[in-house]
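Read in order, the letters of the sequence shown correspond to residues 466 to 1302 in the numbering used here.
Ideal Cβ placement from N, Cα and C applies to all residues, glycine included.
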Amino acid sequence: MAKNLLIVESPAKAKTINKYLGKDFQVLASYGHVRDLVPKEGAVDPDNGFHMNYGVIDERSKKHVDAIAKAAKGAQALYLATDPDREGEAISWHIAELLRERGLLDDRELHRVVFSEITPRAIKEAMANPRQVLAPLVNAQQARRALDYLVGFNLSPVLWRKVQAGLSAGRVQSPALRMIVEREKEIEAFQSREYWSVAADCQHSVQPFAARLVKLDGQKFEQFTITDAETAEGARKRLLAAAQGSLRVTDVQSKERRRRPAPPFITSTLQQEASRKLGFSAKRTMSAAQKLYEGFALGEEGTIGLISYMRTDSVNLSQEAVAELRDVIARDFGTKALPDKPNTYASKSKNAQEAHEAIRPTSALRTPASVAKYLGDDERRLYELIWKRSVASQMVPATLNTVSIELACGSEHAFRATGTTVVDPGFLAVYEEGKDSKAADEDDDGRKLPPMKPGDAVPLAAIGINQHFTEPPPRFSEASLVKTLEEYGIGRPSTYASIIGVLLAREYVTLESRRFHPTDKGRAVANFLGEHFTRYVDYDFTAKLEDELDAVSRGEDEWVPLLERFWGPFKAMVEDKMENVDRSEASGARELGTDPKSGKPLSVRLGRFGAFAQIGTKDDEEKPRFASLRPGQSLHTITAEEALDLFRLPRTLGEFEGEDLTVGVGRFGPFVKHGKMYASLKKDDDPYEISFDRGVELLKEKREAEANRIIREFPDTTMQVLNGRFGPYITDGEKNGKIPKDREPASLSLEECRQILEETGKPVKRRFGKKTAAKKAPAKKAPAKKAAKKAAKKAPAKKAAKKAAGKTAKKSTGKKAASKGTARKSAATKASGSTPG
């Protein structure tokens, strides 16, 4: 048995570190968090000092904790080496608490060690400088987890009751959703404006170039100086007449400027650059970074972590890392590429000290080319990005020369041409920060102008006019959303990928062409929270709360008072909204006008199964008509004409074999119907446009499939021998039975089928509702009294299940407290399993 036990989070990390420490150490993994709050109401008790009930360890974690406890019994010293951030500190604390409860720390040393890279040098240095678990970091993590729990368990039930069953809200995800929804509203409200640009095509003898109009008729030419084609053509003719075939150079300005390299990566900038340059999602980026951090087997060198810890908001680099980067720069790019002193960068975050360093290669000597063959494609591309950014951050600035030429067109008009050339590439020889497409289009970098001096005449080939329209602000990409969250101070490095993941998983947003589009469900949540819980989706409030959590992590504030300040007003608001907000006002309903056929109101709203159009109201004598919106339609943008078109279904395609062939949309999607037979439409079939011939084709396909499915039928009975997904089987509609392997399915008799069902049959599983139980013989029925007692036992469970599904009927005010408690309890699974935010 090893004398020392070291505990890390992941098995990959354990395997690597075990090779570094030798036979005196055993290294085990906790596999992340070893325990969490119990998934039910009361896990955080505000009336008892916000006591947190971590409950029983789940089966997944229990085996890992048991293995750690078993190893701890034979060890003299225990080392907790989880990740160097709040989450890692909290995991170490939880492990220590569990071992303490088992009496395994009474006579053993307990140390906390941290390292930002997995290399022999870093591990040995960390082992030589152990410390204790830091209570402020643990308290900050507990406060964050308690806040997330309190918001999830109390706000989600309000959404269930007032908006739609099954919804949920999160402390950080909700402001992020608000950002996406507000941007969508900006786009919808945007009024495009027409404008025209004017450019001269100059044919210089050395090199042709273009110049843009800056003065027209003695006045500065601005974006909206020309707003129609007629005015643009008139200006073009005046300019041509004034130019008389050439433009005259009136001024030449040449300036040199220096562009500094960007700092090394932090979590957010890595996610942004990987999105812009590699097309990676935040989740994909962090997955590849995790593997690079944990290490790869590099031939004879063994398994080595290739980058430093990837969850950080510090741009600092260690002295050793800087020295090695400078050595690589001098070797590969010459000493002129080295600044006299190392470049230093200041972090924007107030709390950028948790992981201490930026994301960098553990050794700059391991070039991307030297490790490429050992890595997967994602890891190879991300490592190259990190390596280049780190090296460039310690190089000299790039020297650029910007030339601006003023060209007169007669006495009343002027053009300007600009170009930027690289005098000394400096860091640009290694890396240039990515730009969005619009910035790239407007950049003059790389364009070189021919030599000119005042008084030169430049031949004019043509003057072009171009029509443009102003564009709305772009929808958020993953990169721009992360950047905006960071700018507002919402969330922290470890939360950005999970925030995005939660929004996508809950179908509050979709990602189309790498841009976020809010769904009707997402907009309903954002609108409701924005109207009724304004403070809690406010960007400044959320950022301030992050600052308060940071203060706790630094030991400057206590976590319980922080929770007390939050909980009182929040609880009061939840109770007020649960009582006083009318569900009908929160459905996002839009009145679109009147149905011309019936004269009844036409509206769209959000229902239990999504957005739908409605003709009529619940107060009408006749029941309202409903139609689900089509894929791609939104209740916020659909027109009255589009909504009315939805009511064309069901429609008759024609008559086939003496009966109508119709098409409609049901619970499981669009279908064609003929008599009692239904045939589902394929993915590319549009129920509103499908032809009669295509409908017949689908019907015949279904008939053929049904015919092939039936092996044998028995007249005047429900007994059938069928081909199923897993082979032939017997069914009578109530039970399914497996056919013995030694029997030919087509040869079975009715009596044999009945015997097989009696002996081995199992109730048919219904897709919805209860399972259909097999009929029992009268002699086996339970006595009436026993049956009544059994039914009585089932009733409360059925009622609870109904509540848990968010289907409770409206209760009187007197029953409000019980109703709320049940709703909150039923929210447990969703809320407690949410990521930070």
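Residue nearest to residue i in terms of C-alpha spacing, selected from the options
| i | options | result |
| --- | --- | --- |
| Ile-955 | Thr-975, Asp-1012, Ile-928, Thr-935 | Asp-1012 |
| Glu-1056 | Phe-1031, Thr-1082, Glu-1040, Val-1046 | Thr-1082 |
| Lys-918 | Val-473, Cys-1218, Asp-716 | Asp-716 |
| Ser-835 | Ala-991, Ile-824, Tyr-848 | Tyr-848 |
| Glu-1122 | Pro-916, Ile-1080, His-1139 | His-1139 |
| Tyr-1001 | Arg-854, Ser-639, Lys-1203 | Ser-639 |
| Glu-844 | Glu-936, Met-860, His-576, Pro-826 | Pro-826 |
| Asp-1005 | Asp-666, Arg-643, Leu-803, Ser-657 | Arg-643 |
| Asn-619 | Pro-1205, Ala-508, Asp-1151 | Ala-508 |
| Gly-1129 | Glu-1120, Arg-1116, Ile-472 | Arg-1116 |
| Leu-803 | Glu-582, Thr-750, Ser-752, Gln-859 | Gln-859 |
| Ile-870 | Phe-674, Thr-732, Lys-1065 | Phe-674 |
| Asp-1318 | Asn-1201, Arg-1113, His-1101, Ser-783 | For the chain, the structure presents residues 466 to 1302; residue 1318 sits outside this window and is missing. |
| Leu-946 | Arg-971, Arg-741, Lys-527 | Arg-741 |
| Gln-1079 | Leu-1071, Glu-1086, Arg-1090 | Arg-1090 |
| Met-1142 | Arg-567, Asp-1149, Thr-1127 | Thr-1127 |
Where residue i falls: helix, strand or coil (DSSP)
| i | result |
| --- | --- |
| Ser-443 | For the chain, the structure presents residues 466 to 1302; residue 443 sits outside this window and is missing. |
| Gln-736 | helix |
| Val-530 | helix |
| Gln-638 | helix |
| Arg-796 | helix |
| Leu-545 | strand |
| Leu-602 | helix |
| Tyr-1143 | strand |
| Asp-906 | With a pLDDT of 49 at Asp-906, under the threshold of 50, the modelled position of this residue cannot be trusted; read the value that follows with caution. Here Asp-906 sits in helix by DSSP. |
| Ile-482 | helix |
| Gln-859 | coil |
| Asn-518 | coil |
| Gly-699 | helix |
| Arg-609 | helix |
| Gly-1020 | coil |
| Val-473 | strand |
Extent of the continuous beta strand (DSSP E) to which residue i belongs
| i | result |
| --- | --- |
| Leu-782 | That residue, Leu-782, is in no beta strand (DSSP E); it is neither H nor E in DSSP. |
| Tyr-1194 | 1192-1196 |
| Pro-1096 | Pro-1096 -> no beta strand (DSSP E), and no H or E assigned at all. |
| Ser-869 | 863-874 |
| Thr-1127 | 1124-1131 |
| Asp-1085 | Where Asp-1085 is concerned, there is no enclosing beta strand (DSSP E), given that its DSSP letter is neither H nor E. |
| Ser-719 | 711-724 |
| Val-1025 | Counting along the chain, Val-1025 falls outside any beta strand (DSSP E), though it belongs to the alpha helix (DSSP H) covering 1024-1045. |
| Val-888 | 878-889 |
| Leu-1071 | 1066-1072 |
| Ala-1078 | 1075-1080 |
| Arg-776 | No beta strand (DSSP E) holds Arg-776; DSSP gives it neither H nor E. |
| Val-1186 | 1185-1189 |
Counted within 10 angstroms of its Cβ, other Cβ atoms place residue i as buried (16 or more) or exposed
| i | result |
| --- | --- |
| Gln-932 | exposed |
| Pro-939 | exposed |
| Val-888 | exposed |
| Val-521 | exposed |
| Ala-922 | exposed |
| Glu-651 | exposed |
| Lys-478 | buried |
| Tyr-1153 | exposed |
| His-997 | buried |
| Val-671 | exposed |
| Ile-472 | buried |
| Ala-654 | exposed |
| Arg-791 | buried |
| Ile-482 | buried |
| Glu-822 | buried |
Residue span of the alpha helix (DSSP H) that contains residue i, given as start and end
| i | result |
| --- | --- |
| Leu-743 | Element bounds for Leu-743: n/a, residue is neither H nor E. |
| Phe-587 | What sits at residue 587 in the sequence shown is Ala, not Phe. Run containing Ala-587: 585-593, per the alpha helix (DSSP H) assignment. |
| Gly-553 | 551-566 |
| Ser-1212 | Premise fails: Ser-1212 is in no alpha helix (DSSP H) and is neither H nor E. |
| Asp-1110 | 1105-1110 |
| Arg-749 | 747-759 |
Below-7 Å beta-carbon distance, residue i vs any chain B residue
| i | result |
| --- | --- |
| Ser-1212 | Here chain B cannot be found, since the structure has a single protein chain. |
Those runs of the alpha helix (DSSP H) which lie wholly inside the region 916-1004 and span at least 4 residues
Counting only runs of 4 or more, we get 943-953, 961-970, 985-997.
Which runs of the alpha helix (DSSP H) at least 4 residues long sit entirely within the region 612-692? Give them in chain order.
Taken in chain order, the complete alpha helix (DSSP H) segments of 4 residues or longer contained in the region 612-692 are 638-654.
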